[in-house]
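J.:
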Amino acid sequence: GQPSKVTCTATFTCLKQAPVFKWSYGNMPAFTSISQIAKTQWKSESTLTFTASANDNGRSLTCNQYPPVYDERQNVISKYRGITSLTGSVGEQNCSLKINKLDEIHGQDRLYPWIDKNPITFYHMADHSFYDKTTQIIILGRYLVRLFYFPNPACHQETSVVCSVQHTCFSSPPLLTISGILGSDRTSDTSVEATHTLLPQGVWKSTSTITFMADGGDGEKSLTCTASYWRGRKQATTGQLTVKGQWMQFCLWGCHIFSLFTLFTAYVNRITGFPVKKVSPSNNTCLNPTPDCYRSCSGHL
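For the sequence shown, counting from 1, position 180 maps to 180 in the UniProt record's numbering; every step adds exactly one.
1. Check whether the Cβ of T224 lies closer than 7 Å to any Cβ atom in chain B.
2. Considering just the uninterrupted stretch of the beta strand (DSSP E) at residue 304, what are its terminal residues?
3. Skipping 5 residues on each side, what residues in its chain have a beta carbon closer than 6 Å to that of Q166?
4. Hey, how far is the Cα of A18 from the Cα of T49?
5. Return the chain-ordered list of same chain residues with a C-beta closer than 7 Å to the C-beta of S222, the five sequence neighbours on each side being excluded.
6. With Y229 as the anchor, note down where its beta strand (DSSP E) starts and where it stops.
7. From the DSSP output, in three-state form, read off residue 323 for me.
8. Work out the CA separation of L198 and K79 for me, nearest whole Å.
9. Going by the DSSP bridge assignment, what does residue 335 pair with across the sheet?
10. Would you tell me roughly how many angstroms separate the C-alpha atoms of V243 and Y149, rounded to the nearest one?
11. Out of S35, T211, V76, which has the shortest C-alpha to C-alpha gap to E45?
12. Look at T11 and K43 and say whether their C-beta atoms are less than 7 Å apart.
13. Tell me the rounded alpha-carbon separation between Y229 and P173.
14. Does the beta-carbon of F31 have 16 or more other beta-carbons within 10 angstroms, so that it is buried, or is it exposed?
15. What's the C-alpha gap between D103 and D56?
16. Rounded to a whole number of angstroms, what is the C-alpha to C-alpha distance between residue 310 and E72?
17. Please work out which residues of its chain come closer than 6 Å, Cβ to Cβ, to V145, disregarding the five sequence neighbours upstream and downstream, and give them in chain order.
Here's what the structure looks like:
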């Protein structure tokens, strides 16, 4: 039941950005003082007058400080100065903190949203209510651009190419472009669809799908999907697509038809017992649909 003093200190280098202390025992009086300890260094000291009771046995007494990372005057700590902004509307309860240039120095920082008409210095008041939620910044590296497509579409067959990438900024999603598409210079032959989907843990997925009708003589083409981010950074991935030409398809059908004709001739010979003139394959026919046969057949057409 006897009052005692508990002190918590923090050093800082910007007098305008003095840390704000919060005690786990917010209903007890605390006093904060600031003193200069070097030419460009200050010390903030918070002293709590703590009166223990029997119920406090075994409980923890913690002290935290909350330097601001965003306010309207940009009076924030140096590593967040000039790179934070607010998107959405506070009144509509859909606002988000936007960090324009996230770097390794921001990793593992835990951010506390403080959406309240009162400043954070009033947090220790007994009648002060606060929506206590936190978000920790974890930097995992860049997300890869992915390209999905059927590598061997047939001539005049409608096919689609899908490009996607994950990101963490819904207000500035990357712009996805797919180059090398056959017929992409003819707008009547192509259609592009872009979507943005929210995934778990604040991750978004941007997807661009292009549907086209390839010409028979297009052959092998290189497809490239490029993600362009708002700060000028780009990331790309490349794949190969081969369109089967008209002559190759004609050859394939001819090879299958001739094989069926050969089987039918043998069947008639067995049933009727009459000899059927044997048809010998010439240089421009295919009995077995093998890749070598396809190349031989297409070479003679």
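Ideal placement from N, C-alpha and C gives every residue a C-beta, glycine not left out.
T.: Taking the definition as stated:
1. This model lacks chain B altogether, as it is built from one protein chain only.
2. With the chain covering only 1 through 301, there is no way to say anything about residue 304.
3. Y143, V203, K205
4. 21 Å
5. G180, T238, Q240
6. Y229 -> no beta strand (DSSP E), and no H or E assigned at all.
7. For the chain, the structure presents residues 1 to 301; residue 323 sits outside this window and is missing.
8. 28 Å
9. The structure shown does not extend to residue 335, since the chain spans only 1 to 301, so no value can be given for it.
10. 12 Å
11. S35
12. yes
13. 7 Å
14. exposed
15. 42 Å
16. Nothing can be reported for residue 310, as the shown portion of the chain is limited to 1 through 301.
17. V165, C225, A227, Q235, T237
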